[in-house]
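To start, the structure itself, in structure tokens.
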Amino acid sequence: MKKAIKGTITTALLLSSLSIGAGVMASTDSVETSQVKMSKVESSKAGAFEPYGKRPGIKNGTLPTDEKNVSYAFSVPNGYAYGKVWIKNNGKAKLTFTVKNTHFDEIVMSGSVKKGDSKSFYVDPNEGWGADNHIIEFSSDENLDGSFSVMCFDNDKFE
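FYI, the numbering for the sequence shown is -22 to -1, 1 to 137, going by mature numbering (1 follows the signal peptide of the UniProt record, and there is no 0).
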């Protein structure tokens, strides 16, 4: 009988120590945490605007070398009425461009780029160019050669 009581007490102590350990483990708020430091990544500020990225209303293109006039359509989504146009002119003559709002048949931006140059143009921040369909038209006295990018922004800092 003593052996049975000893065995029962030993078993009880063993089980109680296991349950106490489990209870302590369960009640411990052991949470693994990690910290991530975020930093803003900016593109190169050297030279002209770099024509790539993913943003609403973006239109990238290479100008055809067998044309003197060409146009491309793009849409400006709601809230992204601040526009930026970047043009690189590799042609033999000055390149001119216009951006038209097709709904109102209204020119909202225009300019020119000398041969061998690249240049960025910005819409007037007080006006914007409206959420709508647009066309960018390029022309030159010689065949076109170069590249362009149209970007739309939701702020007048063009970021």
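Just so it is clear, CB atoms sit at the ideal spot from N, CA and C, and this is done for glycine as well.
So which of the options has the shortest CA-CA distance to residue i?
i, options, result
"N38", "S118, I113, D132", "I113"
"K93", "S117, S49, I85", "S117"
"I36", "E137, M129, K135, F136", "M129"
"V101", "G61, K135, E45", "G61"
"D44", "A51, F52, N56, K70", "K70"
"A51", "F136, K78, L122, E137", "K78"
"N56", "E120, E137, G108, E84", "G108"
Cβ of residue i within 8 Å of Cβ of residue j?
i, j, result
"F126", "Y58", "no"
"S90", "T74", "yes"
If you draw a straight line from the C-alpha of residue i to the C-alpha of residue j, how long is it?
i, j, result
"N68", "G124", "5 Å"
"K72", "P103", "27 Å"
"E105", "K46", "30 Å"
"N121", "P42", "8 Å"
"D134", "E84", "21 Å"
"V63", "E115", "12 Å"
For my contact list, residue i and residue j are in at a C-beta cut-off of 8 Å; report their separation, rounded to the angstrom.
i, j, result
"S96", "K66", "4 Å"
"V54", "D110", "6 Å"
Secondary structure at residue i, three-state DSSP: helix, strand or coil?
i, result
"H81", "coil"
"T74", "strand"
"A24", "Confidence is the limiting factor: at A24 the pLDDT is only 30, short of 50, which leaves the residue's position unreliable, though a coordinate-based value still follows. It is coil, neither helix nor strand."
"A51", "strand"
"W107", "coil"
"L58", "Contrary to the premise, residue 58 reads as Tyr rather than Leu in this sequence. Here Y58 sits in coil by DSSP."
"V101", "coil"
"I65", "strand"
"K92", "coil"
"E115", "strand"
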